[in-house]
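First the structure, in the form of structure tokens, and then the observations on it.
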Amino acid sequence: MEMLIVLMGSAQEAGDDARAAALFALYTEQFPTDPRRQMLTTFYAPDRPIQVGHTVPAFEAPSLDDPTRKVSRETLPAPYVLLDFWATWCGPCVGEME
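Structure (structure tokens):
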């Protein structure tokens with residue numbers, strides 16, 4: 001199972017979405033009760049909502065600069081925006097936050 005997950009990641013990093021999707025289908029078939037399935041679906045399912053080249057789904061979050069202001073897909077200033085989400089449970093990640 002672990003090797004299959006590594007291969008999915010490698011295929012996706014190489015830009016081979018068809019291979020990543022095929023490996024994901026194999027994974028879901030062979031390991032239907034794996035507790036990581038929901039998380040892996042987010043990254044590898046062919047119909048996942050967030051994909052390179054697709055419009056980001058609608059979202060809303062408070063601005064870090066001004067909590068009274070909301071940030072959403074509609075308020076972003078440019079057609080291409082990098083959204084970088086940090087995990088609060090990750091010590092090194094929190095250490096890098098301003």
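Using the working numbering, you'd call the opening residue of the sequence shown number 1 and step up by one each time. The C-beta atom is built at its ideal place from N, Cα and C for all residues, glycine as well.
Within 10 angstroms of the Cβ of residue i, are there 16 or more other Cβ atoms? Answer buried if so, exposed if not.
i, result
"Y27", "buried"
"F85", "exposed"
"M97", "exposed"
"A18", "exposed"
"A20", "buried"
On the DSSP bridge list, what partners appear for residue i?
i, result
"A61", "V71"
Leaving out five residues before and five after residue i in sequence, what residues of the same chain have Cβ atoms less than 8 Å from its Cβ?
i, result
"C93", "W86, A87"
"P23", "The amino acid occupying residue 23 in the given sequence is Leu; Pro does not appear at that position. Here the set comprises L4, L7, M8, A11, Y44."
Only counting the same chain, and skipping five residues up and downstream in sequence, which positions put a Cβ closer than 6 Å to that of residue i?
i, result
"P57", "P49"
"A61", "V71"
Please tell me whether residue i has its Cβ less than 7 Å away from any Cβ of chain C.
i, result
"L83", "This model lacks chain C altogether; it includes just one protein chain."
Here's a check: name, in chain order, each residue in its chain whose Cβ is nearer than 7 Å to the Cβ of residue i, leaving out the five neighbours to either side.
i, result
"T42", "R48"
Short check: CB of residue i to CB of residue j, under 7 Å?
i, j, result
"V52", "S63", "no"
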